[in-house]
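Comments concern the structure below.
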Amino acid sequence: YGLDPKDPDAEYQEFSWTDSSYEKNAMQKKSPEDFAELINLIEDFAVVIEKKLLDKDSAYYTSWKNLGIYTNMVNLLVLTWESKVLHNEKRTKALWRILESYIRKHEEEIGTVFDVGSYLSWIAPYFR
């Protein structure tokens, strides 16, 4: 699989989450079961992280802690996207506020490797 060298943007647009026609198509295909499976995978990964965080003397403790923050962000993002797909506007907006608040709360910890401002400005229009 690869992009057509004659028109690299054409194929990218087909798969781009920023393209509204793709977004609408994705919304029609997704079901709560799809999101439940994804959420279960994220939660399984979170369990591994929690076990690693029990050893505070580990040389990798900070990395595991940051990975835990990213995992929580992804989990909230999936829940927010699920609400949008299911056309539950009230829940979508509430979850978006929770996600945005969570990201801002941990900005100092993740800000060195994650541009919080750019991410929030890019993703906010999908959920507001």
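According to our numbering, the sequence shown is numbered sequentially starting from 13. We put the beta carbon where it would ideally sit given N, CA and C, even for glycine. The model shown is predicted, which means the values in this text are computed figures rather than measured ones.
Classify residue i as buried or exposed, calling it buried when 16 or more other Cβ atoms lie within 10 Å of its own Cβ.
i    : result
H118 : buried
E94  : buried
W134 : exposed
L66  : exposed
Indicate the three-state DSSP secondary structure (helix, strand or coil) for residue i in the structure shown.
i    : result
Y72  : coil
L65  : coil
V125 : coil
L98  : coil
For residue i, report the span of its alpha helix (DSSP H) as first-last.
i    : result
V128 : V128 to F139
T104 : E101 to K117
For my contact list, residue i and residue j are in at a C-beta cut-off of 8 Å; report their separation, rounded to the angstrom.
i    : j    : result
V90  : I54  : 7 Å
F139 : T83  : Rounded, the Cβ-Cβ distance is 19 Å, inconsistent with contact.
L88  : I110 : 6 Å
I81  : I122 : 6 Å
K64  : W76  : 4 Å
Beta-carbon of residue i versus every beta-carbon of chain B: anything under 7 Å?
i   : result
E55 : In the structure shown, chain B does not exist; there is a single protein chain.
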